[in-house]
Amino acid sequence: MATATTTAASFSTAVRRLCVSTSTSIRLRHVTTSARPPTRLISTPTPHRLLPLLRFSATASPSSTTVSTISVGDKLPDATLSYFGSDGELKTITIADLTKGKKTVLFAVPGAFTPTCSQKHLPGFVEKAKELKAKGVDVIACVSVNDAFVMKAWKEDLKVGDEVLLVSDGNGVFTKALGAELDLTDKPVGLGVRSRRYSLLAEDGVVKVLNLEEGGSFTNSGAEDMLKAL
Amino acid sequence: MASALVRGARRFPPAMWGRGFAKVAAGDDIVAAAPDVALQKARSWDEGVSSNFSTTPLKDLFQGKKVVIFGLPGAYTGVCSAQHVPSYQKNIDKFKAKGVNSVICVAVNDPYSMNAWAEKLQAKDAIEFYGDFDGKFHKSLELDIDLSAALLGPRSHRWSAYVEDGKIKALNVEKAPSEFKVSGAEVILDQI
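Residue numbers (our numbering), protein chains in the order written: chain A, 9 to 238; chain B, -8 to 183.
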């Protein structure tokens, strides 16, 4: 499965420029997906650009790659996710950080501020967080293909504390690597490519329990079902 | 600052100075530049359901109207929330006094996030918020920018425009999305 990482240094530089109002010009590399005449320059390469920029196509065609959908017994692919810490600082965290040597419950929602996600899925896990942790779960994290800013706002809107970590799979890289993409681009709902709804339990990064829904339906990926499986 | 100017000069030939990116310029027709493109009005999911997730074609927004429209990289982000939207909120009366029919804010976000953000900023009565969820509007105008390095994916530059009956009268694009020099309300007020 494809692993995708960005260096923490280049990420934090890029985001710092975006978050803070400054008058200095940005050193982000402007790489666009449309063809441009040669007079439009890309910024000079920076020495600490170690890896190619991640590209994300909002109109991704149905995957014809060899990424198969994740299943029980698989090791979770590594990826870099982002979130806002309680200090208000934008941070990155990898799947490895979340899962290595730990019992981790990961659940994904198609979109922040959408009904099932906001009214049932996330609140369900917040409610059951204590019980899950009493059963030995170390980390509970909610993943969505939304950016970290939106995830933070959603977290505050639903008044979620530290029981559940809300992390952003901003470029959809982790979701794609899991084979859990939900392509809603041609649907009028206006969501683009998102994640299918799922919940999983990983022990030291290996999937032990997996409840992967079709699309955004909500049948077995809730907190109660995860509790029963533990 | 001098070094930034030098860097900028190296990056952009003088002919493009102050224009930044963009396929369109003053005098172009914004609807013709982005044919078959529609935007999604910021709304809650329930509103979406009851409206059958309707989209708004560009001509409905621009034809026969005087519109001030501004685009920004993302809802809930720093400059966008703290400076860009408030600058338009504060000056809404001045825009109305100059005959502007609507002030529109657009970003590459889904309409639900845009809606929640607009409500948080209490800006919905002054400004109309629209989501360019698949980035097609911005791509057509070549105002898109790849912010994957910041884990944000494809987004929009920071820009503003004054459009009269679909014709762009003024267009301001920041050289970098973190800047907020030419796309604020005060600048475009002078251009109307």
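Every residue, glycine too, gets a C-beta built ideally from N, C-alpha and C.
Alpha carbon of residue i to alpha carbon of residue j, nearest angstrom
i, j, result
"B:GLN113", "A:SER76", "44 angstroms"
"B:GLU177", "B:ILE60", "13 angstroms"
"B:LEU49", "B:HIS148", "19 angstroms"
"B:GLN188", "A:LEU220", "Examination of residue 188 of chain B is not possible in this model, given that chain B is present from -8 through 183 alone."
"B:TYR79", "A:GLY213", "48 angstroms"
"A:ILE50", "B:VAL58", "At A:ILE50, the pLDDT of 42 sits below 50, so the modelled position is not reliable; the number obtained from the coordinates is stated separately. Whole-angstrom Cα-Cα distance: 32 angstroms."
"A:LEU58", "A:GLY93", "Because the pLDDT at A:LEU58 is just 41, under 50, the model does not fix this residue reliably, and the value given afterwards should be weighed accordingly. Computed Cα separation, rounded: 26 angstroms."
"A:GLU211", "A:VAL113", "9 angstroms"
"B:ILE183", "A:VAL153", "39 angstroms"
"B:VAL28", "A:PHE115", "34 angstroms"
"B:ASP123", "A:ALA231", "33 angstroms"
"B:PHE128", "A:ILE103", "34 angstroms"
"B:ALA24", "A:LYS143", "58 angstroms"
"B:TYR67", "A:ALA120", "13 angstroms"
"A:GLU164", "A:TYR91", "13 angstroms"
"B:SER72", "A:LYS195", "29 angstroms"
"A:ASP146", "B:THR46", "43 angstroms"
"A:LEU84", "A:LYS111", "13 angstroms"
Paired residues, beta bridge with residue i - DSSP
i, result
"B:TYR153", "B:VAL59, B:ALA161"
"A:TYR206", "A:ALA116, A:LEU220"
"A:GLU189", "A:SER203"
"A:PHE92", "A:LEU98"
"A:ILE148", "A:VAL113"
"B:PRO145", "B:ASP137"
"B:THR47", "B:LEU30"
"A:VAL215", "A:ALA210"
"B:PHE120", "B:CYS96"
"B:ASP84", "Paired residue(s): none; B:ASP84 is not in a bridge."
Opening and closing residue of the alpha helix (DSSP H) in which residue i lies
i, result
"B:VAL178", "176 to 182"
"A:THR183", "181 to 186"
"B:PHE124", "Looking at the DSSP string, B:PHE124 is not in any alpha helix (DSSP H), and its letter there is neither H nor E."
"A:LEU106", "103 to 107"
"B:TYR103", "102 to 111"
"B:GLN80", "76 to 81"
"A:LYS141", "137 to 142"
"B:MET41", "According to the sequence displayed, residue 41 of chain B carries Ser and not Met. Run containing B:SER41: 36 to 41, per the alpha helix (DSSP H) assignment."
"A:PHE2", "In the structure as shown, chain A begins at 9 and stops at 238. Residue 2 of chain A is therefore absent and cannot be evaluated."
"A:ALA237", "231 to 237"
8 angstroms Cβ cutoff, residue i in contact with chain B
i, result
"A:LEU190", "no"
"A:THR102", "no"
"A:ALA66", "Unreliable positioning characterises A:ALA66 in this predicted model, as indicated by a pLDDT of 39, which lies under 50. A coordinate reading is not provided."
"A:SER90", "yes"
"A:ALA87", "no"
"A:PHE121", "yes"
"A:HIS56", "The predicted position of A:HIS56 is uncertain, since its pLDDT is 41 and thus under 50; a value taken from the coordinates is nonetheless stated next. No, its Cβ sits nowhere closer than 8 angstroms to a Cβ of chain B."
"A:SER248", "Not covered by the structure: residue 248 of chain A. The range shown for chain A is 9 to 238."
"A:THR183", "no"
"A:LEU106", "no"
"A:THR227", "no"
"A:LEU173", "no"
"A:GLY223", "no"
Cutoff 8 angstroms: residue i Cβ touching any chain A Cβ
i, result
"B:GLY175", "no"
"B:ALA107", "yes"
"B:LYS111", "yes"
"B:TYR121", "no"
"B:GLY62", "no"
"B:LEU162", "no"
"B:LEU49", "no"
"B:GLY55", "no"
"B:VAL178", "no"
"B:TYR67", "yes"
"B:SER41", "no"
"B:SER139", "yes"
"B:LEU143", "yes"
Boundaries of the beta strand (DSSP E) in which residue i is found, first to last residue
i, result
"B:LYS32", "29 to 32"
"B:ILE136", "135 to 137"
"B:ILE95", "93 to 98"
"A:VAL175", "173 to 176"
"B:PRO26", "That residue, B:PRO26, is in no beta strand (DSSP E); it is neither H nor E in DSSP."
CB contact check: residue i to chain C, cutoff 8 angstroms
i, result
"B:PRO102", "Going by chain labels, chain C is absent from the structure shown, which instead holds the protein chains A and B."
Query raised in the report: Listed in chain order, which residues of the stretch 145 to 168 of chain A have Cβ atoms closer than 8 angstroms to some Cβ of chain B?
Result: The stretch 145 to 168 of chain A vs chain B, Cβ under 8 angstroms: ASN154, ASP155, ALA156, PHE157, VAL158, LYS160, ALA161, TRP162, ASP165.
Query raised in the report: What residues from the stretch 27 to 39 of chain B come within 7 angstroms of chain A, judged by C-beta to C-beta, listed N to C?
Result: For the stretch 27 to 39 of chain B, the beta-carbon criterion of a distance under 7 angstroms to any beta-carbon of chain A is satisfied by GLN31, TRP36, GLY39.
Query raised in the report: According to a CB-to-CB cut-off of less than 8 angstroms, which residues of the stretch 124 to 135 of chain B neighbour chain A?
Result: From the stretch 124 to 135 of chain B, only PHE124, ASP125, GLY126, LYS130, GLU133, ASP135 have a Cβ closer than 8 angstroms to chain A.
Report task. Using a Cβ-Cβ cut-off of less than 9 angstroms, list which residues of the stretch 78 to 96 of chain B approach chain A; keep chain order. Result -> Flagged: no residues at all.
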